[in-house]
Amino acid sequence: MWAIIMFVFGMIVPGINNWGHGGGLAAGALLGFILGYHEKKRESSFQKTLAAGCLVITAAVLVWAVLSSIYHLFF
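If you're matching positions, the sequence shown starts at -3 in my numbering and goes up one per residue.
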């Protein structure tokens, strides 16, 4: 449902990149498949490592985006 809402939102509002939403959907589906979810099964060390790596990459991209915007604001 959210994918449809985001696609419609992207078509209505100018400046929204629907390829970004599609990429996010594909990446989320792929990571969901790789990480998996099993209620009664503990996560493997591979899944924990992959999740930690994704968290680190997300934090790094966020920090880069903030610092980049601050740099472009003043310089």
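By construction, the Cβ of each residue, glycine as well, lies at the ideal position given by its N, Cα and C atoms.
In this model, I12 and G6 are separated by some 5 Å (Cα to Cα). Judged by beta-carbon spacing, M2 lies within the 8 Å limit of H17, meaning their Cβ atoms are closer than that value. The Cβ atoms of L46 and L31 sit closer than 8 Å to each other. Distance between A56 and K37, taken at the CA atoms: about 30 Å. About 14 Å separates the beta carbons of L26 and A(-1), which is beyond the 8 Å limit, so they are not a contact pair. When the Cα atoms are used, Y33 and I53 turn out to be separated by approximately 21 Å.
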